[in-house]
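2 protein chains.
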Amino acid sequence: MMQEYLQSDYPLDNMYATEEWITENQTLLRKKKLTAVEVTTRELEQISSLTTPNKVVALAKMQAIPSLKAMESLLVKGLHLALENIQDPGNLGTIIRTADWFGVDSIICSEDCVDAYNSKVVQATMGSLARIKIYTTELSSLFEKSPLPVYAATLEGENIFNQKLLKDAIVLIGNESKGISDELAQLAHKKISIPRFGKAESLNASVAAAVILALFRKG
Amino acid sequence: MMQEYLQSDYPLDNMYATEEWITENQTLLRKKKLTAVEVTTRELEQISSLTTPNKVVALAKMQAIPSLKAMESLLVKGLHLALENIQDPGNLGTIIRTADWFGVDSIICSEDCVDAYNSKVVQATMGSLARIKIYTTELSSLFEKSPLPVYAATLEGENIFNQKLLKDAIVLIGNESKGISDELAQLAHKKISIPRFGKAESLNASVAAAVILALFRKG
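Top to bottom, those sequences are chains X and C. Okay, so the first sequence: first residue is 1 according to the numbering used here, each after it adds one. Okay, so the second sequence: first residue is 1001 according to the numbering used here, each after it adds one.
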């Protein structure tokens, strides 16, 4: 995961690693013009909150959140994912990783989503946090002005299998148990639903996001 | 979740619940010809390993695993999911829930998968374990005799977006980090892959299973 950060544009401030790790990753470190401070495994255990043994720790600043105005200018083309009130860090991390796989241009979180820099989220992203642009904003203001159509995933939406899915769009995924709020559902241009063939009451939020992104990419 | 078990065919042996829960669920209990033993919330806390408060506990037998011969006779039509060495209980639980959503006819686990009756799996299935048939067997013997084609999900497979996906098939998903073993990959009739548009190294196993099942159902 740390190697993915070193290969990305994400700025890292300080690094602390074992002698072995520094030796193995010298080329990568040099490319990024970083020097890692050598520490022992015991010291790493004391620094980190992880229970599994690790060889390296880095300090990095969170990405600055652009203004709503700047964000609007980004949302004129491409595929974007909007998340309302996603609470489970594992879900958010998996969604970020999946969005990275499907080459989503940005993720826009509502202000009540779990923090994208929560340590459980960071781990579940498997390094994708280094590449994906994540913004936090009030989604209703953004949707009101959005030039891109917003597709809201709801249990009562139209069967996504029969829809023509535009290349440039925003996909909205809601809270794990409550789904999308009425306010945002009303602002969406289209409500879509993954058809159910069996009897489960719902799909996990990260699973629903993945299926919808795949279908958008298939077109 | 317990209501889903009561509405399913899954046999429950003993139930222990609060007075309130018993009153609220009398119709369901009567239908299933079950009597719940009344216990206090404090007693439930002592019985259960869950940290969140709950109102009911049930004892149920694990489903009997049919013989390989009986299993073969089931695998002549329909959509089935085979899992090799899935280790994370959350992943297995989410896969079971997703399989239930997409109306998968059965799930066949390799012998080195995490136990489907692990308490974390049971919780992540959100009740779907009551409805989905889950078998455990040596997958290679089964695939050798399978009249249904086996589609193996690998990073090097053919782009699934361009494939004609048969209605009757077995979808094989491999281990979270190692993927599908060479032995099983060789026995598969087709290797398929979810195309990557971004830079993530891989997809979560439960996410990959969901995307592939959705595409099979879309046809």
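All C-beta atoms, glycine included, are put in the ideal place defined by N, C-alpha and C.
The alpha helix (DSSP H) enclosing Ser73(X), as first and last residue numbers:
The residue labelled residue 73(X) in the question sits at position 73 within the first sequence. Run containing Ser73(X): 68-74, per the alpha helix (DSSP H) assignment.
Just to confirm, are Leu1139(C) and Ile1095(C) a CB contact at a threshold of 9 Å?
The sequence position of residue 1139(C) within the second sequence is 139, counting from 1. The sequence position of residue 1095(C) within the second sequence is 95, counting from 1. Contact flag unset, no.
May I ask you to list the residues that DSSP assigns as paired with Asn1038(C)?
Against the second sequence, residue 1038(C) aligns to sequence position 38. Here residue 1038(C) is Glu; the residue named in the question, Asn, does not match the sequence. Answer by DSSP bridge pairing, in chain order: Ala1017(C).
Status (buried if at least 16 other CB within 10 Å, exposed otherwise) for Thr18(X)
For the purposes of this step, residue 18(X) is taken as the residue at position 18 of the first sequence. Its Cβ being crowded by 16 or more others within 10 Å, Thr18(X) is buried.
What does DSSP give as the partner residue(s) for Gly90(X) in the beta ladder?
Reading the first sequence from its first residue, position 90 is the one you call residue 90(X). In the DSSP output, where bridge partners are listed per residue, Gly90(X) has none listed.
Residues in its own chain within less than 6 Å of Pro1089(C) by CB, not counting five upstream and five downstream?
Locating residue 1089(C) in the second sequence gives position 89, counting from the first residue. For Pro1089(C), where only same-chain residues beyond five positions count, the Cβ hits under 6 Å are Val1114, Asn1118, Lys1120, Val1121.
Identify the residues that DSSP records as bridge partners of His1080(C): which are they?
Here residue 1080(C) refers to the residue found at position 80 when the second sequence is read from its first residue. In the DSSP output, where bridge partners are listed per residue, His1080(C) has Ser1106(C), Ile1170(C).
Secondary structure of Glu24(X), DSSP reduced to three states
Position 24 of the first sequence holds residue 24(X). Of the three classes helix, strand and coil, the one that applies to Glu24(X) here is helix, per DSSP.
Pairwise C-alpha distance: Pro1149(C) and Asp1182(C)
For this step, residue 1182(C) is matched to residue 182 along the second sequence. For this step, residue 1149(C) is matched to residue 149 along the second sequence. For Asp1182(C) and Pro1149(C), the distance between alpha carbons rounds to 17 Å.
Contacting residues, own chain, Cβ-Cβ under 7 Å from Ile1160(C) (five flanking each side not counted):
Looking up residue 1160(C) in the second sequence gives position 160. Same-chain partners within the cutoff: Ile1192, Ser1193, Ile1194, Ile1212, Leu1215.
What's the gap between the Cα of Ala153(X) and the Cα of His189(X)?
Within the first sequence, numbered from 1, the residue matching residue 153(X) stands at position 153. Within the first sequence, numbered from 1, the residue matching residue 189(X) stands at position 189. If I take the Cα positions, the gap works out to 11 Å.
Please report whether the beta-carbon of Ser1067(C) lies at a distance below 9 Å from any beta-carbon of chain X.
Translated into positions along the second sequence, residue 1067(C) becomes position 67. No - not a single Cβ of chain X is within 9 Å of the one on Ser1067(C).
Residue-chain proximity (Asn1054(C), chain X), Cβ-Cβ < 9 Å
Position 54 of the second sequence, counting from 1, holds the residue named residue 1054(C). Chain X, which has no Cβ nearer than 9 Å to the Cβ of Asn1054(C), makes this no.
Chain X beta carbons: is any one of them nearer than 9 Å to that of Asp1100(C)?
The residue labelled residue 1100(C) in the question sits at position 100 within the second sequence. Judged by the 9 Å Cβ criterion, Asp1100(C) is in contact with chain X.
Find the nearest neighbour of Tyr1151(C) within the set Gln1007(C), Leu1166(C), Gly1093(C), Val1057(C), judged by alpha-carbon distance.
Within the second sequence, residue 1151(C) is the residue found at index 151, counting from 1. Looking at the Cα atoms, Leu1166(C) is the closest of the given residues.
Alpha carbon of Gln1087(C) to alpha carbon of Glu111(X), nearest angstrom
Here the question's residue 1087(C) lines up with position 87 in the second sequence. Here the question's residue 111(X) lines up with position 111 in the first sequence. Going from the Cα of Gln1087(C) to the Cα of Glu111(X) covers about 34 Å.
Using CA coordinates, which residue listed in Lys1199(C), Asn1204(C), Asp1168(C) is at the minimum distance from Glu4(X)?
Here residue 4(X) corresponds to residue number 4 of the first sequence, with the count starting at 1. Of Lys1199(C), Asn1204(C), Asp1168(C), the residue nearest in Cα terms is Lys1199(C).
Pick helix, strand or coil for Ile192(X), following the three-state DSSP scheme.
Translated into positions along the first sequence, residue 192(X) becomes position 192. Strand, per DSSP.
Bridge partners of Ile134(X), per DSSP?
Reading the first sequence from its first residue, position 134 is the one you call residue 134(X). Looking at the DSSP assignment, Ile134(X) forms a beta bridge with Ile107(X).
Rounding to the nearest angstrom, what Cα-Cα distance links Ile1173(C) and Gly1157(C) in this structure?
Within the second sequence, the letter at position 173 stands for residue 1173(C). Within the second sequence, the letter at position 157 stands for residue 1157(C). Answer to the nearest angstrom: the Cα atoms are 12 Å apart.
Output, in chain order, the set of chain X residues within a Cβ distance shorter than 9 Å of Val1104(C).
On the second sequence, position 104 is the one that residue 1104(C) refers to. Neighbours of Val1104(C) on chain X, chain order: Phe197, Gly198.
So with Cβ pairs under 9 Å, would you call Thr1094(C) a contact of chain X?
As a first step, residue 1094(C) must be located in the second sequence, where it is residue number 94. Closer than 9 Å: yes.
Spell out whether any CB of chain C is found under 9 Å from the CB atom of Lys164(X).
What you label residue 164(X) is simply residue 164 of the first sequence in a count that begins at 1. By this cut-off, Lys164(X) is not an interface position.
Would you list the one or two residues that DSSP bridges to Tyr1117(C)?
The residue labelled residue 1117(C) in the question sits at position 117 within the second sequence. Per DSSP, none; premise fails for Tyr1117(C).
For Met71(X), count neighbouring C-beta atoms within 10 Å of its own C-beta (all shown protein chains included) and say buried if the count is 16 or more, exposed if not.
As a position in the first sequence, residue 71(X) is number 71, starting the count at 1. So Met71(X) counts as buried.
Taking 9 Å as the threshold (beta carbon to beta carbon), is Val122(X) in contact with chain C?
If you number the first sequence from 1, residue 122(X) lands on position 122. Not an interface residue.
Secondary structure of Glu176(X), DSSP reduced to three states:
Along the first sequence, read from residue 1 onward, the residue named residue 176(X) stands at position 176. Coil, per DSSP.
Please confirm if Glu1004(C) has its CB atom under 9 Å from at least one CB of chain X.
What you label residue 1004(C) is simply residue 4 of the second sequence in a count that begins at 1. For Glu1004(C), the answer is yes, since a Cβ of chain X falls inside 9 Å of its Cβ.
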